[in-house]
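Chains as they are written, first to last, in UniProt numbering: chain U, 1 to 78; chain Y, 1 to 78; chain H, 1 to 78; chain R, 1 to 78.
Have a look at the structure below, then the notes.
4 protein chains.
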Amino acid sequence: MTEIIEAEKLKQMINKIETIEQERLESSDLLKESFNEAKSMGFDVKIIKHVLKLRKKDKDALAEEDNLIDLYRGALGI
Amino acid sequence: MTEIIEAEKLKQMINKIETIEQERLESSDLLKESFNEAKSMGFDVKIIKHVLKLRKKDKDALAEEDNLIDLYRGALGI
Amino acid sequence: MTEIIEAEKLKQMINKIETIEQERLESSDLLKESFNEAKSMGFDVKIIKHVLKLRKKDKDALAEEDNLIDLYRGALGI
Amino acid sequence: MTEIIEAEKLKQMINKIETIEQERLESSDLLKESFNEAKSMGFDVKIIKHVLKLRKKDKDALAEEDNLIDLYRGALGI
C-alpha cells in the first residue's frame with residue numbers, strides 16, 4: 001500500500017461504515033427495549049435468550065443435543 | 001412468576017425479537033461487505049477500525065489520550 | 001495525573017502484569033489441550049462446556065431454570 | 001458416539017478441566033488486583049492495557065502501524 005492514500009475515498013468509506021454501524025446500533029437498542037418489555041410482562045429474559053438460540057438449531061441436531069446433555073448430566077449427577 | 005405462561009404472548013415476543021435480530025444480522029453483513037470493499041480498494045481494515053473508534057471520542061479526550069500514550073510509550077521505550 | 005510518570009514504577013507494574021498474563025495464557029493452553037484430549041476420548045466438547053456451566057449453578061436455581069426452559073419450550077413447540 | 005458414556009472418565013475429565021479453570025480464574029483475579037494497584041499508584045489503566053498490546057507487537061509491524069494510523073488520521077482530520 002503506498003504511503004499516500006486517497007483521502008476522499010477513505011472519507012466516503014468511513015461515512016458509509018458509520019451509517020451502517022448506526023443502523024446496527026439502533027437494532028441493538030430495539031432489542032434491549034424488547035427484552036425490557038418481555039421482562040415487564042413477567043417473562044424471564046435469560047430463558048428467552050436460551051430458547052432463541054434453540055430455535056436457530058436444526059430439529060434433529062437439537063434432539064441429539066438434548067440426548068447428550070441428559071446423558072452427561074446423568075453421568076455427573078447434575 | 002407462575003408456572004403457566006401466556007404462550008401466545010411469548011410467541012409474539014419471540015417473533016418480534018427474531019425480526020429485530022434479523023435486521024441486526026443484515027447490518028452486520030453489510031458491515032462485513034463494506035470492510036471487504038475497503039480492503040479491495042487497498043485500505044487497511046484494521047486501521048480503519050482503529051480510526052472509527054477514535055472518531056467516536058471527544059476531541060479533548062482524544063488529545064489527552066494521545067499525550068498519555070506518548071508518555072507511557074516513551075517511558076517504556078516502545 | 002501529572003504529565004511526568006515514574007518510568008521505573010511503570011516498568012515494574014508492566015512486567016508484573018505481563019507475568020500474570022503469561023500464567024493465564026498457559027492455563028488457557030492447558031484448557032485447550034484438555035478439551036482436545038476429551039474430544040479424542042470421544043466426548044462432545046460442546047456438551048462438556050455446557051455441563052461445566054450447569055455445575056457452577058446452585059442446585060435449586062438449576063432446577064428452577066430447567067422447569068422454565070421446559071415451560072417455554074413447550075409453549076413454543078421446540 | 002455410542003449412547004452410553006464412560007461416566008468415570010467423564011468425571012475425571014470434568015474435574016481436571018475445573019481445576020485448570022480455577023487456576024485461570026485466580027490469574028484473572030490477580031490481574032484485576034494489579035490493575036487496581038496500578039490505578040491506586042496514579043497510572044491510567046486504559047493506557048496501560050493499550051501499551052501492553054503494543055508491547056506484544058513486532059517492532060517493525062508497530063512502526064508500520066503507527067505510520068498508517070498517522071496517515072489515516074491526517075486524511076480524516078482526527
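Heads up, the beta-carbon is just placed ideally off N, CA and C, and yes, glycines get one too.
Quick caveat: nothing in here was measured; it's all calculated off a predicted structure.
Requested in this report: Give the straight-line distance between the Cα atoms of R58(R) and E64(R), rounded to the nearest whole angstrom.
Outcome: Position 58 of the fourth sequence holds residue 58(R). Position 64 of the fourth sequence holds residue 64(R). The sequence shown places Asp at residue 58(R), rather than the Arg named in the question. Spanning the two alpha carbons is a distance of roughly 10 angstroms.
Requested in this report: With DSSP as the reference, label I35(R) as helix, strand or coil.
Outcome: Working through the fourth sequence from its first residue, we reach residue 35(R) at position 35. What sits at residue 35(R) in the sequence shown is Phe, not Ile. In the structure shown, F35(R) sits in a helix (DSSP, three-state: H, G or I).
**Report entry** At least 3 beta-carbon pairs within less than 8 angstroms: the stretch 39 to 58 of chain U vs the stretch 11 to 21 of chain H
**Finding:** no
Query - Partners in chain R for L68(Y), counting only beta-carbon separations shorter than 7 angstroms - result: Locating residue 68(Y) in the second sequence gives position 68, counting from the first residue. Under the 7 angstroms cutoff, chain R gives D44 and I47.
Report task. Ignoring anything shorter than 4 residues or poking outside the UniProt domain "GapR-like DNA-binding" (7 to 77) of chain Y, list the alpha helix (DSSP H) runs there in chain order. Result -> 7 to 40, 45 to 55 and 59 to 76
**Report entry** Selection from Q22(R), A75(R), K53(R) and N36(R) that minimises the alpha carbon distance to I48(Y)
**Finding:** As a working mapping, residue 48(Y) is identified with position 48 in the second sequence. Selected option, being the one with the closest Cα: A75(R).
Report task. Would you mind telling me which residues of chain U sit closer than 9 angstroms to L30(H), beta carbon to beta carbon, in chain order? Result -> Counting from 1 along the third sequence, the entry for residue 30(H) is found at position 30. Within 9 angstroms Cβ-Cβ: nothing; L30(H) doesn't reach chain U, min ~21 angstroms.
Report task. Leaving out five residues on either side along the sequence, give the residues of the same chain with a beta carbon under 8 angstroms from the beta carbon of A38(H). Result -> Counting from one through the third sequence, the residue named residue 38(H) turns up at place 38. Excluding sequence neighbours, A38(H) sits near V45 and I48.
Query raised in the report: What residues from chain R crowd round A38(H), counting only those whose CB sits closer than 8 angstroms?
Result: Residue mapping note: residue 38(H) aligns to position 38 of the third sequence, counting from 1. Residues of chain R with a Cβ closer than 8 angstroms to the Cβ of A38(H) are, in chain order, M13 and I17.
**Report entry** chain R residues whose Cβ lies nearer than 9 angstroms to that of L52(H)
**Finding:** Within the third sequence, numbered from 1, the residue matching residue 52(H) stands at position 52. The answer, in chain order, is I14, I17, E18 and E21.
Query raised in the report: Any C-beta of chain R sitting closer than 8 angstroms to the C-beta of R55(Y)?
Result: Walking along the second sequence from the start, residue 55(Y) turns up at place 55. True, the Cβ-Cβ gap to chain R drops below 8 angstroms.
Query raised in the report: Can you list the residues of chain R that L10(H) reaches, using a CB-CB cut of under 7 angstroms?
Result: Translated into the one-based positions of the third sequence, residue 10(H) becomes position 10. Per Cβ cutoff of 7 angstroms: F43.
Query - Between the CA atoms of S28(U) and K9(H) - distance to the nearest angstrom - result: In the third sequence, counting from the first residue as 1, residue 9(H) sits at position 9. In the first sequence, counting from the first residue as 1, residue 28(U) sits at position 28. If I take the Cα positions, the gap works out to 42 angstroms.
**Report entry** Distance, K11(U) Cα to E23(U) Cα
**Finding:** As a position in the first sequence, residue 23(U) is number 23, starting the count at 1. As a position in the first sequence, residue 11(U) is number 11, starting the count at 1. Each residue's alpha carbon lies about 19 angstroms from the other.
Requested in this report: Grab me the residues of M13(Y)'s own chain with a C-beta within less than 6 angstroms of its C-beta, minus the 5 sequence neighbours each way, in chain order.
Outcome: If you number the second sequence from 1, residue 13(Y) lands on position 13. Cβ within range, chain order: n/a, list empty.
Query raised in the report: Between I78(U) and L31(R), what straight-line distance do the alpha-carbon atoms span, to the nearest angstrom?
Result: On the first sequence, position 78 is the one that residue 78(U) refers to. On the fourth sequence, position 31 is the one that residue 31(R) refers to. Each residue's Cα considered, the two are about 32 angstroms apart.
**Report entry** Nonlocal neighbours in the same chain, by C-beta distance under 7 angstroms from E6(R), ignoring five residues either side
**Finding:** Within the fourth sequence, residue 6(R) is the residue found at index 6, counting from 1. Closer than 7 angstroms at Cβ, skipping near neighbours: no residue.
Requested in this report: Can you say whether L68(H) is buried or exposed, counting buried as having 16 or more other CB atoms within 10 angstroms of its CB?
Outcome: Translated into positions along the third sequence, residue 68(H) becomes position 68. A residue is called buried once 16 or more other Cβ atoms fall within 10 Å of its Cβ, and L68(H) is buried on that count.
Query raised in the report: Exposed or buried, M1(U), counting other C-beta atoms within 10 Å across all chains shown (16 or more means buried)?
Result: Residue mapping note: residue 1(U) aligns to position 1 of the first sequence, counting from 1. The predicted model places M1(U) with a pLDDT of 48, which falls under 50 and marks its position as unreliable, so this point remains unresolved.
Query raised in the report: When the cut-off is 8 angstroms and only beta carbons count, does residue 115(Y) lie next to chain H?
Result: The structure shown does not extend to residue 115(Y), since chain Y spans only 1 to 78, so no value can be given for it.
Requested in this report: Using a cut-off of 9 angstroms between C-beta atoms, extract the partners of L76(R) located in chain U.
Outcome: For the purposes of this step, residue 76(R) is identified with residue 76 of the fourth sequence, where counting begins at 1. Neighbours of L76(R) on chain U, chain order: A7, L10, K11 and I14.
Requested in this report: Flag R24(H) as yes if its beta-carbon sits less than 8 angstroms from any beta-carbon of chain U, otherwise no.
Outcome: Here residue 24(H) is taken as the residue at index 24 of the third sequence, counted from 1. No, its Cβ sits nowhere closer than 8 angstroms to a Cβ of chain U.
Query raised in the report: What do you get for A61(H), buried or exposed, if any count of 16 or more other CB atoms within 10 angstroms of its CB means buried?
Result: Residue numbering aside, residue 61(H) sits at position 61 when the third sequence is read from its first letter. Exposed: under 16 other Cβ atoms inside 10 Å.
Query raised in the report: Taking Cβ to Cβ, would you say V51(H) is nearer than 8 angstroms to R73(U)?
Result: Locating residue 51(H) in the third sequence gives position 51, counting from the first residue. Locating residue 73(U) in the first sequence gives position 73, counting from the first residue. Result yes, Cβ atoms of V51(H) and R73(U) sit closer than 8 angstroms.
Query raised in the report: What separation, rounded to the nearest whole angstrom, lies between the Cα atoms of D66(Y) and K53(R)?
Result: Start at 1 with the first residue of the second sequence, and residue 66(Y) comes out as number 66. Start at 1 with the first residue of the fourth sequence, and residue 53(R) comes out as number 53. Cα-Cα distance, rounded: 15 angstroms.
Query raised in the report: When you compare only the Cα positions, how much space is there between E33(R) and L71(R)?
Result: In the fourth sequence, counting from the first residue as 1, residue 33(R) sits at position 33. In the fourth sequence, counting from the first residue as 1, residue 71(R) sits at position 71. So the alpha carbons of these two residues sit roughly 38 angstroms apart.
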